[in-house]
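Here the structure comes first, spelled out in structure tokens, and everything after it is commentary.
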Amino acid sequence: MTDAPSGNMRVNPDRLWDSLMEMAKIGPGIAGGNNRQTLTDADAEGRRLFQRWAEDAGMTMQVDRLGSMFLRHEGTDPEADPVYIGSHLDTQPTGGKYDGVLGVLAGLEVVRTIRDMGVQTRRPIVVVNWTNEEGSRFAPAMLASGVFAGVIDEEFANDRRDLKGLRFGDELDRIGWRGDQPVGGRPIHAMFEYHIEQGPILEAEGKQIGVVTHGQGLRWIEVTVTGKGQHTGSTPMAMRRNAGRGMARLIELVHEIAMKHQPNAVGAVGHIEVFPNSRNVIPEKVVMTVDFRSHLLPTLLAMVEEFDARAPALCEEIGVSMTSQIVGQFDPPAFDEGLVKRVRGAAERLGYSHMDVVSGAGHDACWINKIAPTVMIMCPCVDGVSHNEAEEISPEWASAGADVLLNAVLETAEVVA
Numbered sequence: 223m224t225d226a227p228s229g230n231m232r233v234n235p236d237r238l239w240d241s242l243m244e245m246a247k248i249g250p251g252i253a254g255g256n257n258r259q260t261l262t263d264a265d266a267e268g269r270r271l272f273q274r275w276a277e278d279a280g281m282t283m284q285v286d287r288l289g290s291m292f293l294r295h296e297g298t299d300p301e302a303d304p305v306y307i308g309s310h311l312d313t314q315p316t317g318g319k320y321d322g323v324l325g326v327l328a329g330l331e332v333v334r335t336i337r338d339m340g341v342q343t344r345r346p347i348v349v350v351n352w353t354n355e356e357g358s359r360f361a362p363a364m365l366a367s368g369v370f371a372g373v374i375d376e377e378f379a380n381d382r383r384d385l386k387g388l389r390f391g392d393e394l395d396r397i398g399w400r401g402d403q404p405v406g407g408r409p410i411h412a413m414f415e416y417h418i419e420q421g422p423i424l425e426a427e428g429k430q431i432g433v434v435t436h437g438q439g440l441r442w443i444e445v446t447v448t449g450k451g452q453h454t455g456s457t458p459m460a461m462r463r464n465a466g467r468g469m470a471r472l473i474e475l476v477h478e479i480a481m482k483h484q485p486n487a488v489g490a491v492g493h494i495e496v497f498p499n500s501r502n503v504i505p506e507k508v509v510m511t512v513d514f515r516s517h518l519l520p521t522l523l524a525m526v527e528e529f530d531a532r533a534p535a536l537c538e539e540i541g542v543s544m545t546s547q548i549v550g551q552f553d554p555p556a557f558d559e560g561l562v563k564r565v566r567g568a569a570e571r572l573g574y575s576h577m578d579v580v581s582g583a584g585h586d587a588c589w590i591n592k593i594a595p596t597v598m599i600m601c602p603c604v605d606g607v608s609h610n611e612a613e614e615i616s617p618e619w620a621s622a623g624a625d626v627l628l629n630a631v632l633e634t635a636e637v638v639a
């Protein structure tokens with residue numbers, strides 16, 4: 223499993239894969255994936271399993287007031303700032319088995335391997351499960367890490383509500399995972415996040431490792447289009463104020479704006495609610511979320527500006543109105559150059575094919591990057607499919623990225639024995 227603790231150690235691939243499969247039994251989906259949404263009973267069960275595994279590996283746990291779990295492997299210098307490895311255990315309602323989970327369990331595997339080999343590091347290593355990365359139940363995404371980084375207010379986080387009206391803070395208390403530790407203010411020497419790519423590039427290029435140099439910034443715009451609910455059979459076409467038609471116009475506008483900024487941007491409408499959502503009632507109201515992303519801040523801002531300038535007129539032309547508000551945002555992060563080089567070097571020493579990539583999705587690392595040196599490592603996923611129960615990776619892809627993570631973390635945490 224290892225030749226020497228100096229730069230070419232490897233994890234136990236079977237143990238890592240077995241852990242992924244065992245965690246996937248919790249909160250099963252309906253099509254082979256997972257539904258382990260944040261602050262559900264399934265989330266609580268997954269947390270307990272992770273805690274048990276980590277404590278079996280000699281780690282000690284602290285939990286902060288938003289439920290993020292910090293599992294610590296001690297270094298020879300307990301006063302040294304720790305090296306963090308973090309991602310998330312929560313999933314989409316129709317999520318895969320690897321999104322986020324791979325990063326947390328690979329972090330655990332790093333510690334297990336270090337213990338197996340009898341290797342010590344000067345700096346402690348902390349493996350983190352950040353609460354509510356997905357944002358599918360409680361918007362916005364990356365909620366707890368955002369509070370940790372000082373960009374989201376803790377009270378705001380506790381007051382988020384899901385579609386049933388249930389409050390984040392109440393659900394956190396209900397499942398018993400509100401800790402006593404402050405959110406944020408913890409020393410971090412560096413943070414690593416290992417994640418599936420959630421896109422098709424690595425597989426298409428035949429690369430085992432993605433070295434993430436930048437992340438995409440995003441703006442989520444919640445748009446409400448208001449018309450008039452009327453009978454679909456007895457209302458003349460010329461007299462209709464159809465909010466659904468306004469929605470269709472705005473969806474096309476989002477696509478047009480994103481295409482104008484290729485290859486450096488994407489845009490979509492990913493969430494739509496139609497009211498009253500009846501077969502024979504013209505839509506009276508549509509609530510939808512526009513998602514613009516780019517790794518170039520001027521491009522991101524230009525897309526939002528164009529949408530704001532053109533969208534109201536497109537609605538007014540057909541007799542409906544609209545309002546909009548930003549409900550999620552972060553600027554494009556550039557990850558730490560020194561850590562990027564360290565990840566790239568580890569991949570080369572281990573003989574893994576690699577390429578530099580930009581993360582198309584938002585991740586907890588994007589927030590932590592604001593307060594500490596941060597980097598991401600990615601592995602391919604089949605056909606780029608993610609946020610879908612059909613999400614798939616191979617055991618070989620999983621362990622290759624974990625090997626790179628292990629060696630980059632050891633170099634950063636400073637091996638002493």
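For the sequence shown, the working numbering assigns the number 223 to the initial residue and increments by one for each residue that follows. A virtual CB, placed ideally from N, CA and C, is assigned to each residue, including glycine.
For residue i: DSSP bridge partner residues
{"i": "Asp558", "result": "Per DSSP, none; premise fails for Asp558."}
{"i": "Thr446", "result": "Val509, Thr545"}
{"i": "Ala660", "result": "The displayed coordinates of the chain run from 223 to 639. Any statement about residue 660 would go beyond what the structure contains."}
{"i": "Ile252", "result": "Note: Ile252 sits in no beta bridge, so no partner."}
{"i": "Gln551", "result": "Arg441"}
{"i": "Gly308", "result": "Val350"}
{"i": "Ile431", "result": "His576"}
{"i": "Thr343", "result": "Val637"}
{"i": "Gly317", "result": "Asn256"}
{"i": "His609", "result": "Note: His609 sits in no beta bridge, so no partner."}
{"i": "Ser581", "result": "Gly437"}
DSSP state of residue i mapped onto helix, strand, coil
{"i": "Leu271", "result": "helix"}
{"i": "Val626", "result": "helix"}
{"i": "Arg383", "result": "strand"}
{"i": "Arg258", "result": "coil"}
{"i": "His576", "result": "strand"}
{"i": "Ile590", "result": "helix"}
{"i": "Arg389", "result": "strand"}
{"i": "Val565", "result": "helix"}
{"i": "Ala226", "result": "Note that Ala226 has pLDDT 39, beneath the 50 cutoff, so the model's placement of it is unreliable and no number is given."}
{"i": "Glu495", "result": "strand"}
{"i": "Ser241", "result": "helix"}
{"i": "Ser616", "result": "coil"}
Run of the beta strand (DSSP E) containing residue i, from where it starts to where it stops
{"i": "Cys601", "result": "596-601"}
{"i": "Val412", "result": "For the sequence presented, residue 412 should be read as Ala rather than Val. That run of the beta strand (DSSP E) goes 412-418."}
{"i": "Ile347", "result": "347-351"}
{"i": "Val285", "result": "282-285"}
{"i": "Leu293", "result": "291-295"}
Minimum C-alpha distance to residue i - residue among the options
{"i": "Gly391", "options": "Ala379, Asp402, Gly401", "result": "Ala379"}
{"i": "Pro362", "options": "Arg274, Thr343, Thr511", "result": "Thr511"}
{"i": "Gly466", "options": "Val476, Thr446, Ala328", "result": "Thr446"}
{"i": "His517", "options": "Val233, His483, Gly406", "result": "His483"}
{"i": "Glu570", "options": "Pro520, Glu393, Met525, Gly432", "result": "Gly432"}
{"i": "Glu376", "options": "Ile473, Asp395, Pro404", "result": "Pro404"}
{"i": "Ile443", "options": "His493, Arg382, Asn464", "result": "His493"}
{"i": "Leu311", "options": "Arg344, Met281, Glu244", "result": "Glu244"}
{"i": "Val285", "options": "Ala328, Ser358, Phe370", "result": "Phe370"}
{"i": "Leu572", "options": "Thr262, Ile347, Ala622", "result": "Ala622"}
{"i": "Glu614", "options": "Glu277, Gly318, Thr596", "result": "Gly318"}
{"i": "Asn629", "options": "Glu538, Gly567, Phe360", "result": "Gly567"}
{"i": "Asn610", "options": "Ala266, Thr313, Thr457", "result": "Thr313"}
{"i": "Leu472", "options": "Ala487, Ser456, Pro534", "result": "Pro534"}
{"i": "Arg383", "options": "Val350, Val542, Arg359", "result": "Arg359"}
{"i": "Asp586", "options": "Phe557, Leu242, Gly606", "result": "Phe557"}
{"i": "Val597", "options": "Met544, Leu261, Pro315, Ile410", "result": "Ile410"}
{"i": "Asp321", "options": "Met281, Gln273, Val607, Gly289", "result": "Val607"}
{"i": "Val604", "options": "Thr316, Ala426, Met231, Met339", "result": "Ala426"}
{"i": "Glu478", "options": "Arg501, Phe514, Thr457, Met461", "result": "Phe514"}
For residue i, the first and last residue of its enclosing alpha helix (DSSP H)
{"i": "Met459", "result": "Element bounds for Met459: n/a, residue is neither H nor E."}
{"i": "Val526", "result": "519-538"}
{"i": "Gly468", "result": "465-482"}
{"i": "Ile423", "result": "423-427"}
{"i": "Thr335", "result": "323-339"}
{"i": "Pro485", "result": "Per DSSP, Pro485 belongs to no alpha helix (DSSP H) and is neither H nor E."}
{"i": "Val233", "result": "Per DSSP, Val233 belongs to no alpha helix (DSSP H) and is neither H nor E."}
{"i": "Phe370", "result": "365-370"}
Residues near residue i by beta carbon distance below 6 Å, same chain, minus five either side
{"i": "Gln452", "result": "Ile504"}
{"i": "Leu365", "result": "Asn354, Ala379"}
{"i": "Val640", "result": "This structure gives no information on residue 640, because the portion of the chain shown stretches from 223 to 639."}
{"i": "Gln551", "result": "Arg441"}
{"i": "Glu331", "result": "Val233, Leu238, Ala624"}
Residues near residue i by beta carbon distance below 8 Å, same chain, minus five either side
{"i": "Pro250", "result": "Asn256, Asn257"}
{"i": "Leu271", "result": "Glu244, Met245, Ile248"}
{"i": "Gly325", "result": "Ile307, Gly308, Ser309, His310, Glu415, Tyr416, His417"}
{"i": "Ala328", "result": "Val233, Leu238, Ile307, Tyr416, Ala620, Gly623, Ala624, Leu627"}
Close beta carbons around residue i, own chain, < 7 Å, minus the five adjacent residues each side
{"i": "Glu636", "result": "Thr343, Arg344, Arg345"}
{"i": "Thr260", "result": "Asp312, Thr353, Asn354, Glu356, Arg359, Phe360"}
{"i": "Val565", "result": "Val433, Val597, Ile599, Val626, Ala630"}
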